[in-house]
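Under the working numbering, think of the first position of the sequence shown as -3, with each following residue one higher.
For every residue, glycine included, the Cβ atom is placed at its ideal position computed from N, Cα and C.
The next block holds one structure in the form of structure tokens; read it before the comments.
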Amino acid sequence: MDQEKLFTLYGEEDDRVDGIDKVTGRAKYTADNHPENMVYGVFVTSTIARGAIKNFQLGEAKNAPGVLEIITYLNCPALPGYNPWAKDPKKKGFEWRGLKPFHQNLVYHYGQPIAMVVATTWEKAVKAAALVKAEYVSEEAETDFEALRKVDSKLKPSGEYKRGEADAYKKAEVYVENEYYMPIETHNPIELHATVAAWEGND
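Written out as structure tokens, the structure is:
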């Protein structure tokens, strides 16, 4: 009895389980879900690469049709996941090291989310987001990776970080040390980026 083929070798044709649905438009993606009383959030992104937000001009956006709220670092609810547990000597646990949107007024990169407009329709949220204005204190961005990668303080996280033995591989009888460069790979998904959140309960 022939066993079912578990994988396809490079160069061989293969059938995608969801292929027909995708090319005929029947595939259902995240943005195709519309819970009852759904509202829409659209990001406003930074127009500078590095610096800080000095102030916002939100009046025109708040008065735009369908706008329910504009969230920034000034009014963002506290998020439990951002609690820096590891900084408390009595506790051991995860410390968030990534970007915390709307946590503070600092800008780390161009296109960083700095506000979110919530409105009754996606179109109204997009239009109002274009009306949000931000005034910045701009700083010079450091973008030369080849130069900065040689400066430890630019690459390592703040504070002392130790894990195992530094450069332990150099004590081996034989080791290979080299630099490799890989080409850029661009991800081109059919599905647009989207998140749908629905709360169940009274809290």
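The shortest C-alpha to C-alpha distance from Thr117 to any of Lys24, Gly197, Pro61, Thr43 is the one to Pro61. Sequence-distant Cβ neighbours of Leu144 in its own chain, meaning closer than 7 angstroms and more than five residues away, are Glu138, Lys150. In this chain, the beta strand (DSSP E) harbouring Lys129 covers 129 to 134. Secondary structure note for Ala48: its beta strand (DSSP E) is the uninterrupted segment 47 to 53. In the displayed model, Thr20 falls within a helix according to three-state DSSP. For the pair Asn101 and Ile180, the CB atoms are not nearer than the 7 angstroms cut-off. A straight line joining the alpha-carbon of Glu169 with that of Ala162 spans about 17 angstroms.
Excluding sequence positions up to five before and after Ala27, its CB lies within less than 7 angstroms of the CB of Leu188, Ala190, all in the same chain and listed in chain order. Assigned with DSSP and collapsed to three states, Ala111 falls in strand.
Inclusion of Thr4 and Asp10 in the CB contact set at 7 angstroms is warranted, their separation being smaller than that value. If you ignore the 5 residues before and after Ala124, its C-beta comes within less than 7 angstroms of the C-beta of Ala57, Ala60, Val63, Val113, Ala115, all in its own chain and listed in chain order. For Tyr104, the closest of Lys158, Glu135, His183 by C-alpha to C-alpha distance is Glu135. For Phe39, the beta-bridge partners assigned by DSSP are Met112. Counting only the Cα atoms, Pro31 lies some 24 angstroms from Pro185.
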